[in-house]
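Remember, my numbering sits 168 above the position in the sequence shown when you count from 1. Heads up, the beta-carbon is just placed ideally off N, CA and C, and yes, glycines get one too. Beneath this line is the structure, given in structure tokens, with notes to follow.
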Amino acid sequence: MVTVCIALFMAPFMLTSVGVALPSLGRDLGATAMQLGLVEQLYVLSLAMSMLSFGRFGDIVGQRRLFLVGLCVFTLLTFSLGFADSVRMVMIFRFVQGIGASLVLSGSMALVAAAYPPELRARKIGLDSACTYAGLSTGPVIGGYVTLHFGWRHVFLSCRWRPRRSPAVWPKGSTSPRWRPAGCLPVPWDCSWRRSPRGRAYPYGWSLSS
Numbered sequence: 169m170v171t172v173c174i175a176l177f178m179a180p181f182m183l184t185s186v187g188v189a190l191p192s193l194g195r196d197l198g199a200t201a202m203q204l205g206l207v208e209q210l211y212v213l214s215l216a217m218s219m220l221s222f223g224r225f226g227d228i229v230g231q232r233r234l235f236l237v238g239l240c241v242f243t244l245l246t247f248s249l250g251f252a253d254s255v256r257m258v259m260i261f262r263f264v265q266g267i268g269a270s271l272v273l274s275g276s277m278a279l280v281a282a283a284y285p286p287e288l289r290a291r292k293i294g295l296d297s298a299c300t301y302a303g304l305s306t307g308p309v310i311g312g313y314v315t316l317h318f319g320w321r322h323v324f325l326s327c328r329w330r331p332r333r334s335p336a337v338w339p340k341g342s343t344s345p346r347w348r349p350a351g352c353l354p355v356p357w358d359c360s361w362r363r364s365p366r367g368r369a370y371p372y373g374w375s376l377s378s
């Protein structure tokens, strides 16, 4: 449930938060007004054009499997956008990022409906919807603050990898953690993390916690 809520928060957050970062992005990469508009619109376009198809595809192959694939794609592209060195690369990454968001959103409600009994279903779906609108409404505020103090790249560099030392994730005797999709969630960093000693040790959001 927590994973679904975070994913439903981040998909619309990546729409509204990027909007306030566009002027800074344009100055840094030398983008035109038309290119900046496409950075915003390509995300919405790919999300809208593929959601119905992915919803049906999820009914065939399984909504959980599709959700995990979408989570991986969305997380990878969100983090990669922070290292883009041209506006064309940003546009391509934003289009694929929208496809990842579509994979996540297309079956998220079906997962919640299947996981809870009828008496709790309406409450859980309402909570998911609240997370979606929270992402939409807080995106400009958080995105604007992060862009002002840390730069537009940090709006995307909010992806963290936190494998936990447990038998299912990090087997005994293993020298390196296994990667798991649920542990690689893009979340907006608290500014106190950036100012902490550990945050300075991992300036781009990589965190290995035991």
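With a CB to CB cut of under 6 Å and the five nearest residues on each side skipped, what residues in its chain are close to residue i?
{"i": "Q231", "result": "G275, A278 and L279"}
{"i": "G311", "result": "S185, V188, A189 and V323"}
{"i": "W250", "result": "According to the sequence as given, residue 250 is Gly; it is not Trp. So the qualifying residues of the chain are R321, F324 and L325."}
{"i": "G303", "result": "F177, P180 and F181"}
{"i": "L210", "result": "M259, R262 and F263"}
Can you grab the Cα-Cα spacing for the pair residue i / residue j, in whole Å?
{"i": "G307", "j": "I228", "result": "34 Å"}
{"i": "L213", "j": "G266", "result": "8 Å"}
{"i": "L273", "j": "R195", "result": "32 Å"}
{"i": "C173", "j": "L295", "result": "8 Å"}
{"i": "L234", "j": "G319", "result": "33 Å"}
{"i": "G226", "j": "L220", "result": "10 Å"}
{"i": "G205", "j": "I293", "result": "33 Å"}
{"i": "E208", "j": "A281", "result": "31 Å"}
{"i": "Q203", "j": "L183", "result": "16 Å"}
{"i": "M169", "j": "F222", "result": "21 Å"}
{"i": "P285", "j": "V309", "result": "36 Å"}
{"i": "L197", "j": "R224", "result": "38 Å"}
So, for residue i: in the same chain, excluding its five sequence neighbours on each side, which residues have a beta-carbon less than 7 Å away from its beta-carbon?
{"i": "V237", "result": "L271"}
{"i": "A199", "result": "L193 and V255"}
{"i": "C299", "result": "C173, L176 and F177"}
{"i": "T384", "result": "Because the chain spans 169 through 378 in this model, residue 384 falls outside it and cannot be assessed."}
{"i": "L245", "result": "F261, V264, Q265 and G268"}
{"i": "A252", "result": "V258 and F261"}
{"i": "S218", "result": "I267 and S270"}
Does DSSP put residue i in a helix, a strand or coil?
{"i": "S270", "result": "helix"}
{"i": "F251", "result": "coil"}
{"i": "Y211", "result": "helix"}
{"i": "G238", "result": "helix"}
{"i": "M169", "result": "coil"}
{"i": "T200", "result": "coil"}
{"i": "G319", "result": "coil"}
{"i": "G275", "result": "helix"}
{"i": "Y301", "result": "helix"}
{"i": "S326", "result": "coil"}
Would you mind giving the Cβ-Cβ distance between residue i and residue j, rounded to the nearest angstrom? I have them listed as a contact below 8 Å.
{"i": "A175", "j": "L215", "result": "In fact, because the Cβ distance is near 13 Å, the residues do not count as touching under 8 Å."}
* Asked: Pairing CB atoms from the segment 255 to 266 with CB atoms from the segment 285 to 294, are three or more of them under 8 Å?
  -> Touching, no.
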